[in-house]
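Input: a single structure, listed below in structure tokens.
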Amino acid sequence: MREQLDPTIHAPTRLSLVALLAAADEAEFAFVRDHLGVSDSVLSKHASALEAAGYVEIRKGFVGKRARTWLKLTPTGRRAFAAHVAALQRIVAQAGESVLPPQ
Numbered sequence: 001m002r003e004q005l006d007p008t009i010h011a012p013t014r015l016s017l018v019a020l021l022a023a024a025d026e027a028e029f030a031f032v033r034d035h036l037g038v039s040d041s042v043l044s045k046h047a048s049a050l051e052a053a054g055y056v057e058i059r060k061g062f063v064g065k066r067a068r069t070w071l072k073l074t075p076t077g078r079r080a081f082a083a084h085v086a087a088l089q090r091i092v093a094q095a096g097e098s099v100l101p102p103q
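The opening residue of the sequence shown carries number 1 in full-length UniProt numbering; numbering runs sequentially from there.
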């Protein structure tokens, strides 16, 4: 079942990032950074890797005169996240079955 886990998403920071984006249409870079508790460079690195995989869309623009960056999970990213979560659930369920005493 481990082979069903998505290695692009599986890293803890990327998994947290994708989970956060799955709950929103899009999120501002600073909000995501603060929510995940990472630096700008760490978030940028992970967001870029997810963008290269087609999982995240990065949009840049301005609010007034200030540059802003928004992150959005793509439909491909949403499907990959759902499949990854389902694989995790199967692994946990199987582990739970092996540690529960017979009834």
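Virtual Cβ for every residue (Gly too), placed ideally from N, Cα, C.
Going by DSSP in three states, residue i sits in which element: helix, strand or coil?
i: A27; result: strand
i: V38; result: coil
i: S5; result: The sequence as given places Leu at residue 5; Ser does not occur at that position. DSSP places L5 in coil when its eight states are reduced to three.
i: A11; result: coil
Apart from the five residues on each side of it in sequence, which residues of its chain come closer than 7 angstroms, Cβ to Cβ, to residue i?
i: F62; result: R68
i: L71; result: L21, E26, A27, F29, V32, A47, V56 and I58
i: V42; result: T13
i: V38; result: T13
i: D40; result: R33
Give me the DSSP bridge partner(s) of residue i.
i: K72; result: E57
i: R33; result: Beta-bridge pairing links R33 to no other residue.
i: F62; result: A67
With distances taken Cα to Cα, identify the nearest neighbour of residue i among the options.
i: H35; options: A49, E51, L17 and H10; result: L17
i: I9; options: L73, Q94 and V92; result: L73
i: E3; options: A93, G54 and L88; result: L88
Got a sec? Which residues, its chain only, sit under 6 angstroms from residue i by beta carbon, not counting five neighbours each side?
i: D6; result: A80 and H84
i: A53; result: T8
i: Y94; result: The sequence given here has Gln at residue 94, not Tyr. Excluding residues within five positions, none has a Cβ falling inside 6 angstroms.
i: K60; result: T69
With three or more beta-carbon pairs closer than 8 angstroms as the criterion, would you say the region 9 to 27 touches the region 75 to 83? yes
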